[in-house]
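Chemist:
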Amino acid sequence: MAKSSKDLEMAYAGVPYHSAGIARSAPGTHRSYERSKRMLDILMASIGLVTLSPLMVIVAILIKIDDPRGSVFFRQVRVGKWGQEFTMFKFRSMATDAEQRLEQLLRLNEIQGKMFKMKNDPRITRIGRLLRKTSLDELPQLWNVLTGEMSLVGPRPSLPREVEQYTIAERERLHVIPGCTGLWQVSGRSRLSFEQMVALDLYYIRHRNLRMDIGLIFRTFKVMILKSDAY
156 MAKSSKDLEM AYAGVPYHSA GIARSAPGTH RSYERSKRML DILMASIGLV TLSPLMVIVA
216 ILIKIDDPRG SVFFRQVRVG KWGQEFTMFK FRSMATDAEQ RLEQLLRLNE IQGKMFKMKN
276 DPRITRIGRL LRKTSLDELP QLWNVLTGEM SLVGPRPSLP REVEQYTIAE RERLHVIPGC
336 TGLWQVSGRS RLSFEQMVAL DLYYIRHRNL RMDIGLIFRT FKVMILKSDA Y
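The sequence shown begins at 156 in our numbering and counts up by one.
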């Protein structure tokens, strides 16, 4: 059974944090692993951007046909390693006024915790629903991987407003570079509670290695093909 974030906070209550609330040393990090992981990220992101570029062009055209008023890409500020903010890219899957309508929908949140999820989100466009179901909306994040702001595997980057509510234990997610996929994405994804997501992320952070990363990448392909647990 996954530990709750409160249990994890109690277990790590003695960890020193600087003024921003984030520790500056990630336990269990090995330089050789980090170098190998970065090389894998650059290689696979480069191959992905080149080979998937025709598909990305088709997706861009479909987005414009479905909703010609907005941009093809959705840009959003996320929080990365050590709390550094960066701009994350996705294919736009929502209406152009999605952010303005968010406040009205927060009370309808269908996931327990600090993350907002809603299965039948009225802001999602017709093509956007397909993109989310197949995870094709995430493809532009390969650029974030190439620039080093994200990794292929790691905890999902959170929004600043979510990080502001983090407990001490949950801030351990900021010890590593955030990723496009991770352990919780292949272990239930939208069906999991926020506490379960955090527990799986912390397990990954403490046990991560290159073999685990490669395994999670292949498991992600399987999840994408089966279109499971995404909305």
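Even glycine gets a Cβ: it sits at the ideal position worked out from N, Cα and C. As the structure is a prediction and not an experimental result, all values here were calculated from the model.
Compute the minimum distance between the beta carbon of residue 239 and the heavy atoms of the ligand ATP, and state whether it is under 7 Å.
Modeler: No copy of the ligand ATP appears in this structure; indeed no ligand is present at all.
Chemist: Tell me whether residue 231 is buried or exposed, calling it buried when 16 or more other Cβ atoms sit within 10 Å of its Cβ.
Modeler: exposed
Chemist: Bridge partners of residue 388, per DSSP?
Modeler: The structure shown does not extend to residue 388, since the chain is modelled only from 156 through 386, so no value can be given for it.
Chemist: Give the secondary structure of residue 235 by DSSP, where H, G and I count as helix, E and B as strand, and everything else as coil.
Modeler: coil
Chemist: So, for residue 281: in the same chain, excluding its five sequence neighbours on each side, which residues have a beta-carbon less than 8 Å away from its beta-carbon?
Modeler: 221
Chemist: Report buried or exposed for residue 185, applying the criterion of at least 16 other Cβ atoms within 10 angstroms of its Cβ.
Modeler: exposed
Chemist: Who are residue 240's beta bridge partners in DSSP?
Modeler: According to DSSP, residue 240 bridges with 234.
Chemist: Among 208, 209, 241, which one has its Cα closest to the Cα of residue 332?
Modeler: Scanning 208, 209, 241 for the CA closest to the CA of residue 332 turns up 241.
Chemist: What's the call for residue 346, buried or exposed, on a 16-neighbour Cβ count within 10 Å?
Modeler: exposed
Chemist: In angstroms with no decimal places, state the Cα-to-Cα distance between residue 378 and residue 323.
Modeler: 31 Å
Chemist: Distance check for residue 239 and residue 233, CA to CA, integer angstroms please.
Modeler: Put simply, the backbone Cα of residue 233 is about 8 Å away from that of residue 239.
Chemist: Closest to residue 248 by CA distance: which of 236, 276, 235, 237 is it?
Modeler: 276
Chemist: One question on the structure: do residue 310 and residue 356 come within less than 8 Å of each other, judged by their Cβ atoms?
Modeler: yes
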